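Working notes for the structure below.
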Amino acid sequence: MQMPTPAPVLQAQLSIQAEQAGQELLARATREWFTGAVETLGGQLWQELNDRAVAPADRPEWWGGQPGDVWAECCAYFGSRSDWSPYSAAAWDALLEAIDGPSVILAFTLYRLAGLVPGRLHPGFPRLGLSARYVDLPAYNWWGMKLQGSRDVLAGDAHQERQLLGLVRSVADTCAPAYGEISFDNTGLLDFATSYEHNLGLFPWNAVRRANRSPRGYSWLTILAEPVGDRLGGEAALRETAVFAEVSRLAGGGYWLLATTRLVNYDLAAAERVRQVLAPVLPNRSARPDEPGELPHLLSTARTGRGPTRRAIPDEIFKSRIDVRDRSHHKVAVAVRAAALHAKYPSALIGLTEDPDGPHLVCWGAEPGEVWIWQFLPEDDPYAGFEIPRAPGRGWSIARDDPLSAGMRVRLGPTFADLGLPADDTAIDHLAARQL
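Numbering (the working numbering), first residue to last: 17 to 452.
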């Protein structure tokens with residue numbers, strides 16, 4: 017079956033070191049991110065949302081209305097508790113109030129309803145989404161802000177592009193981010209992987225911790241931390257490369273690098289020029305070509321020129337980093353999950369991997385012709401870490417290229433609740449009853 021062409025979706029991201037910025041500045045920047053986006057980029061969608069006679073909260077069910085109607089949702093997560101409701105003036109005000117804390121994740125989505133399946137409504141296009149969260153949970157050291165939207169909302173013409181750039185610049189001048197970018201987005205609204213990280217299968221909660229030393233990637237717009245830009249020679253040296261349409265310093269420190277005046281002019285050749293300038297500070301890893309069904313990463317696939325890329329073995333990787341997935345109770349969670357799968361699908365082949373970035377659990381043949389993969393997100397609850405669907409990035413290719421997967425369809429594994437299996441350590445008792 018031919019894969020449908022993905023809708024062109026863009027993202028803008030900023031990564032801020034929370035302790036260095038302080039709560040007051042983070043709140044001010046986040047509030048500008050949310051209010052500025054809907055007021056300058058929401059356009060017709062935002063106007064219709066606020067002008068219509070019947071507010072979503074007054075309707076009897078979620079996604080009430082007709083295909084083409086505007087819909088919006090507000091959500092704030094406070095640790096284990098969340099406030100999630102259809103848009104209303106009161107819900108929007110509550111979301112803005114939650115910015116002052118102690119919320120850990122904030123999200124707002126605005127879109128037209130689509131009737132893709134008879135009798136059911138779904139989020140459609142055009143759309144605009146906003147989120148802010150601690151990228152490195154549970155450490156709470158790095159605050160991220162993300163803006164995601166269809167291209168016809170964010171960059172349909174030169175005027176929209178300047179509005180998008182203007183908003184990002186205004187907020188960046190306020191909060192001095194360690195990294196920022198505008199790129200095509202292959203992930204979800206709450207997934208803070210940059211285009212580079214998604215391409216290589218890197219986890220953002222690890223990469224963000226190095227943002228003051230090494231950029232998290234590069235794109236049409238790239239914002240560098242001041243120490244990173246200084247290593248490249250500073251503003252004058254970056255401007256002298258003649259690679260960027262705009263080079264400037266942010267008000268609070270850092271560097272603003274816009275590769276081309278228009279997004280439409282940013283292609284692989286432009287990406288290669290940007291990569292060559294940033295090569296001294298980029299990780300020594302080469303991007304892969306885009307796979308079918310992906311939006312363009314627009315990353316150079318050329319070698320960095322700093323020697324061959326060497327794949328570190330897992331033990332070597334863990335010498336220099338602390339990861340919650342390396343704790344014993346997380347290893348038990350993986351083993352229990354594997355045993356539970358084997359009990360339900362005795363004829364399937366279950367595999368575990370030691371690669372820290374996944375996939376961590378692979379199941380061949382639970383369903384005819386299918387390969388299921390799970391990638392473990394580092395959570396306080398090791399079992400919950402498996403229940404969060406994630407675009408697998410490099411892990412997808414690893415499972416697909418395995419000889420065992422020949423002729424089979426690789427997909428993200430269903431949640432264990434969907435499979436009727438225990439989603440916590442009660443699985444041990446469940447297995448004992450089967451004498452496993």
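Think of the CB as a built atom: it goes at the ideal place given N, C-alpha and C, for glycine as much as any other residue. Since the structure is predicted, the reported quantities are computational estimates derived from the model, not experimental observations.
Cut-off 8 Å between Cβ atoms - residues of its own chain near residue i, not counting five sequence neighbours on either side
i	result
I329	Confidence is the limiting factor: at I329 the pLDDT is only 37, short of 50, which leaves the residue's position unreliable and the question unanswerable from this model.
R278	A174 and E177
Y156	A34, V120 and Y150
T276	W236, A261, Y282 and A286
E64	V86
A318	E288, R291 and S302
Residues near residue i in its chain [Cβ-Cβ closer than 7 Å; skip 5 each side]
i	result
L233	In the sequence as presented, Leu is not what sits at residue 233; that position holds Gly. E197, T210, S211, Y212 and E213.
G269	A192 and E242
L170	L26, L57, Q176 and L180
I366	A354, L357, H358 and C379
G182	none
Q39	G117
V426	V387, I389, W412, A415 and R416
K16	Here the chain covers residues 17 to 452 and nothing more, so residue 16 does not appear.
D306	P312 and H313
Residue i: CB within 8 Å of a non-hydrogen atom of the ligand GTP
i	result
V387	As for the ligand GTP, it is missing from this structure, which has no ligand bound.
Beta-carbon spacing of residue i, residue j below 9 Å
i	j	result
P384	L266	no
A354	G381	no
R304	S413	yes
Q33	W159	yes
G145	L132	no
Y127	W62	no
F200	P24	yes
A253	L274	no
L377	G429	yes
R255	V263	yes
E48	T190	yes
S101	A123	no
V297	P231	yes
D283	L311	no
G172	L129	no
Backbone CA spacing between residue i and residue j [nearest angstrom]
i	j	result
A53	P134	33 Å
L435	Y271	49 Å
L205	G249	35 Å
I333	P299	Because I333 sits at a pLDDT of 37, beneath the cut-off of 50, its placement in the model cannot be relied upon, and the point is left open.
V184	A105	25 Å
G59	V293	36 Å
R226	C91	29 Å
A188	P362	54 Å
D246	N281	27 Å
L240	Y195	5 Å
T51	P83	26 Å
S235	E386	35 Å
P142	G165	8 Å
A107	N66	13 Å
M424	L237	38 Å
A295	F432	42 Å
D7	L137	It is not possible to answer for residue 7, since the shown part of the chain is limited to 17 through 452.
L437	N202	30 Å
S31	N215	19 Å
L153	G217	18 Å
N228	R68	45 Å
T442	R301	With a pLDDT of 48 at T442, under the threshold of 50, the predicted position of this residue should be treated as unreliable, and no value is reported.
F94	M161	17 Å
P419	D168	41 Å
F208	E251	28 Å
Minimum Cβ-Cβ distance from residue i to chain B less than 9 Å
i	result
Q176	No chain B is part of this structure, which consists of one protein chain only.
Residues of its chain near residue i, where Cβ-Cβ distance is below 6 Å and the 5 sequence neighbours each way are ignored
i	result
S316	A287, E288 and R291
G323	Because G323 sits at a pLDDT of 37, beneath the cut-off of 50, its placement in the model cannot be relied upon, and the point is left open.
A110	none
T125	E89 and G145
T257	V293
D99	A92
Q36	none
P139	Y127
A223	E213 and R232
Pick out the complete beta strand (DSSP E) segments inside the stretch 166 to 234, 3 residues or longer, and give them in chain order. 195 to 200
Only counting runs of 3 or more residues, tell me where the beta strand (DSSP E) segments fall wholly within the stretch 124 to 153, in order along the chain. 136 to 150
Three or more C-beta pairs closer than 8 Å, one from the stretch 37 to 56 and one from the stretch 99 to 118: is that the case here? yes
Counting only runs of 4+ residues fully inside the stretch 241 to 313, write out the alpha helix (DSSP H) ranges in chain order. Entirely contained in the stretch 241 to 313, the alpha helix (DSSP H) runs reaching 4 residues are, in chain order, 242 to 247, 250 to 256 and 284 to 294.
Whole runs of the beta strand (DSSP E) within the stretch 345 to 370, excluding any shorter than 3 residues: 365 to 368
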